[in-house]
Amino acid sequence: MIEANYAGTMLAVQNLSKKFGKHMAVDRLNFSLHSGEVVGLLGPNGAGKSTLIKCIVGLLRPTNGEILINGHIRGSRAARQTSAYVPEIPQLYDMLTVWQHLQFITGAYEVKQWEEKAEELLKMFEIWDKKDEFTKALSKGMRQKLSLCCGVVSNAQMLFLDEPMVGLDPKAIKNLKNLIQELKDEGKTLFISTHLLDPIETVCNRVIVLKKGKIIAQGSLEDLRHQLGEENASLEEVFLEVTADD
Ligand SMILES: Nc1ncnc2c1ncn2[C@@H]1O[C@H](COP(=O)(O)OP(=O)(O)OP(=O)(O)O)[C@@H](O)[C@H]1O
Ligand SMILES: [Mg+2]
């Protein structure tokens, strides 16, 4: 078991592996996130990003390794209360309305006086007019927006966003980018898996690049540029360079 929480560490992952049959989807990962950090999780399709996040939030049982969220063991009630997860594919309840989803989440996270924030989020993502509709009537992008609203309204200290930009129109992507900056300013810790590099480039403190279940690069964009000797490279160029096949 890893050491109990030390000041400032929001997420500690030690020697984490996840195998599906013989396939090592996540391969002996070690890393941590400090409180208040925004970290991008990059990697090609199948790199293990979603598997890693699902292990951390308690949806998959790791084959090996230890995970602590703010000092709490993964999957424990305290860890769940500390973190919120926005999955790759929205998991909504067909028989609840948009507003009832937010009611349900804030109940589970014991958030008080959430209504104003919920209204602000629905208005920002332009689904306020859908608030009394059942979610089965929502479009793909609207489902993603509601899923994001649920994650944010939980007011959890740490947010795991698995490809949050997928399915969103350009305006919503811009709003999400501003929202991520706002959450960062509030001191929240964010771990964001994404293929869209542009929206996270300015807000991320660091990126972690996965390939075939292993961390192949990590650091600030400046660090990675420096490692490559390409001082003017964009995050996209850095990503393509580090993930290129040998
Ligand atoms: N439930 C499962 N059963 C078997 N193999 C799985 C399962 N889930 C994921 N995998 C495999 O684990 C590897 C990592 O998948 P994962 O979904 O974590 O990748 P990812 O980085 O999130 O990819 P993407 O960018 O496409 O979302 C892949 O080879 C995938 O086929
Ligand atoms: Mg994925």
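According to this note's numbering, the residues represented by the sequence shown are 158 to 403, in order. Quick reminder that beta carbons are idealized off the backbone N, C-alpha and C, glycines included.
Spatially closest choice to residue i from the options, by CA coordinates
i	options	result
Phe-282	Leu-253, Ile-330, Met-252, His-258	Ile-330
Asp-402	Ala-390, Lys-369, Gly-386, Arg-382	Lys-369
Asn-312	Leu-385, Lys-297, Glu-379, Lys-345	Lys-345
Gly-406	Met-252, Thr-254, Met-167, Pro-247	Residue 406 lies beyond the residue range present for the chain, which begins at 158 and ends at 403; the question has no answer from this structure.
Ile-357	Ile-373, Lys-288, Arg-237, Glu-194	Glu-194
Asn-172	Asn-202, Gln-257, Leu-216, Ile-372	Ile-372
Val-323	Gly-232, Leu-354, Glu-387	Leu-354
Lys-280	Asn-332, Thr-263, Gly-222, Ile-365	Asn-332
Leu-316	Lys-341, Arg-382, Pro-327	Lys-341
Leu-305	Lys-269, Leu-216, His-383, Ala-275	Ala-275
Leu-278	Ser-207, Val-268, Leu-259	Leu-259
Asp-326	Ile-284, Phe-348, Ala-294, Arg-234	Ile-284
Leu-216	Gly-200, Arg-237, Leu-199	Arg-237
Val-170	Lys-176, Gly-178, Phe-177, Asp-184	Asp-184
Thr-359	Lys-269, Leu-392, His-383	Leu-392
Val-268	Ile-349, Glu-223, Gln-314	Gln-314
Contact check, residue i vs residue j, beta carbons under 7 Å
i	j	result
Glu-320	Thr-292	no
Ser-318	Val-243	Before going further, note that residue 318 is Leu rather than Ser in the sequence given. Yes, these two residues count as a Cβ contact at 7 Å.
Ile-226	Ser-240	yes
Lys-287	Val-255	yes
Ser-174	Asn-221	yes
Leu-198	Phe-396	no
Leu-385	Ala-374	no
Residue i versus residue j: straight-line alpha-carbon distance, rounded
i	j	result
Val-196	Ser-377	9 Å
Leu-367	Gly-205	7 Å
Ala-265	Glu-398	43 Å
Glu-290	Tyr-250	12 Å
Ala-390	Trp-271	42 Å
His-191	Gln-338	16 Å
Glu-245	Lys-211	10 Å
Asn-362	Leu-186	20 Å
Met-252	Val-309	21 Å
His-180	Asn-202	15 Å
Val-364	Cys-307	25 Å
Ile-262	Glu-394	39 Å
Ala-161	Gly-228	Only weak support exists for where Ala-161 lies, its pLDDT of 44 falling under 50; the value from the coordinates is given anyway. The straight-line gap from Cα to Cα measures roughly 6 Å.
Met-158	Ala-294	Here the model assigns Met-158 a pLDDT of 40, short of 50, so the residue's position is not dependable and the matter cannot be decided.
Phe-177	Glu-273	43 Å
Lys-129	Ser-233	Past the edges of the chain, shown from 158 to 403, lies residue 129, and the structure says nothing about it.
Glu-408	Leu-347	The structure shown does not extend to residue 408, since the chain is modelled only from 158 to 403, so the question has no answer here.
His-383	Leu-168	26 Å
Pro-142	Ala-235	What is shown of the chain runs 158 to 403, which leaves residue 142 out entirely.
Ile-349	Thr-400	18 Å
Leu-336	Glu-343	11 Å
Gln-257	Arg-300	14 Å
Ala-182	Lys-328	34 Å
Glu-223	Glu-379	30 Å
Beta-carbon separation (whole angstroms), residue i vs residue j, contact threshold 8 Å
i	j	result
Ser-189	Thr-166	5 Å
request  = Run through the segment 299-325 for me and flag every whole beta strand (DSSP E) of 3 or more residues, listed as ranges in chain order.
outcome  = 315-319
inquiry  = Runs of 4 residues minimum, wholly inside the segment 369-402: which ones carry the alpha helix (DSSP H) assignment?
reply    = 378-385, 392-400
request  = For the segment 235-309, list the alpha helix (DSSP H) runs that are entirely contained and at least 4 residues long, ordered along the chain.
outcome  = 255-265, 272-281
query = Considering only residues of the segment 187-225, which uninterrupted alpha helix (DSSP H) runs meet the minimum length of 4 residues and lie entirely inside it, listed in chain order?
reply = 206-214
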